[in-house]
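Presented below is the structure to which this report refers.
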Amino acid sequence: MTAKTYVLIHGAYHGAWCWKDVASGLRALGHIVVTPTWTGLGERSHLLKFEPTLQTFIDDVAQVIRYEDLQDVVLVGHSFAGSVVSALADRMPERLRHLIYLDALVLRAGESSASRSPERAAAYRERAFTAGDGVGIPPGPPEHFGITDLQQAAWVRTKLTPHPLQTYYDRLQLQHPLGNGLPATYIACSEPYFASTVLSREIAQSMPGWRYLEIPTAHDAMLLMPRELTTLLAGID
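Taken in order, the sequence shown gives residues 1 to 237; the numbers are from the UniProt record's numbering.
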């Protein structure tokens, strides 16, 4: 197997911690794996006070790719990270080998998460101001992401952190067609399907040249089926 370079990007409320088992599995196969954490989340949650934007998230990952001199990258984005994958494909395609959207948000140019689902965005805003500080949206329970094992749920609950509210309202700016002509694969988590990704799955299936796969688990596949996901990611080229 030819060694590849993977950049694994977490989704909302998560951090690099969620990729631990998948990253270890890919490294055991001889691959290079980098797992950046966005400003304001995970071990960088103390930076939430600086009110990160979607552009902050994009820059976070772009800077890692640049300063680590990463080339030929398999870029994997989970959930909300789909928008970051699309933005990086638009801005630095020369560094990328393959785009993988893991049960991820696929926005069209000019869309935001809020414009895609105004009702959900309104609920997030209310939660941010009533249960939070108005900057971050407090995380929901682990069960929302499909984590039902009591021991695992207790651990995940200690790791989830508020997600920057503004990022849901920032619109995705693209200068090129979605995906920018790069090879792309969408992996849907099918047991059960995640309600927030219905339209994203439809867009992915309609994209010429994109591959569509499913993995039989809930939204947080990297925590629920890490071995199977590792095998799936390693086999995509």
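No residue lacks a Cβ here, since even glycine has one placed at the ideal position from N, Cα and C.
Predicted, not measured: the structure shown is a model, and the values here were computed from it.
Tell me whether residue i is buried or exposed, calling it buried when 16 or more other Cβ atoms sit within 10 Å of its Cβ.
{"i": "K4", "result": "buried"}
{"i": "D103", "result": "buried"}
{"i": "D60", "result": "buried"}
{"i": "P36", "result": "buried"}
{"i": "R27", "result": "exposed"}
{"i": "S24", "result": "exposed"}
{"i": "T39", "result": "buried"}
{"i": "T197", "result": "buried"}
{"i": "H46", "result": "exposed"}
Assuming contact is defined by CB atoms lying nearer than 8 Å, are residue i and residue j in contact in what I supplied?
{"i": "L213", "j": "T185", "result": "yes"}
{"i": "G132", "j": "P164", "result": "no"}
{"i": "P183", "j": "H98", "result": "yes"}
{"i": "T231", "j": "T53", "result": "no"}
{"i": "L105", "j": "P139", "result": "no"}
{"i": "A218", "j": "F145", "result": "yes"}
{"i": "I236", "j": "E228", "result": "no"}
Could you check what DSSP says for residue i in three-state terms: helix, strand or coil?
{"i": "L105", "result": "coil"}
{"i": "G82", "result": "helix"}
{"i": "S117", "result": "coil"}
{"i": "Y193", "result": "strand"}
{"i": "I32", "result": "strand"}
{"i": "D236", "result": "Sequence check: residue 236 is Ile here, not Asp. The answer is coil: DSSP assigns I236 none of H, G, I, E or B."}
{"i": "R171", "result": "coil"}
{"i": "P141", "result": "coil"}
{"i": "P52", "result": "coil"}
{"i": "L88", "result": "helix"}
Using DSSP's beta-bridge definition, name the partner residues of residue i.
{"i": "R211", "result": "T185"}
{"i": "G77", "result": "I9 and Y101"}
{"i": "P164", "result": "G136"}
{"i": "L96", "result": "V73"}
Roughly how far, in whole angstroms, is the beta-carbon of residue i from the beta-carbon of residue j, given that I think they are within contact range, below 8 Å?
{"i": "A12", "j": "I58", "result": "No, A12 and I58 are not in contact; Cβ-Cβ is about 15 Å, not under 8 Å."}
{"i": "A81", "j": "I187", "result": "That belief does not hold up - the Cβ atoms of A81 and I187 are roughly 13 Å apart, past 8 Å."}
{"i": "E111", "j": "R157", "result": "Not quite, the Cβ-Cβ distance comes to about 31 Å (not below 8 Å), so this is no contact."}
{"i": "V135", "j": "V73", "result": "Between V73 and V135 the Cβ distance is about 31 Å, and since that is not below 8 Å, they are no contact."}
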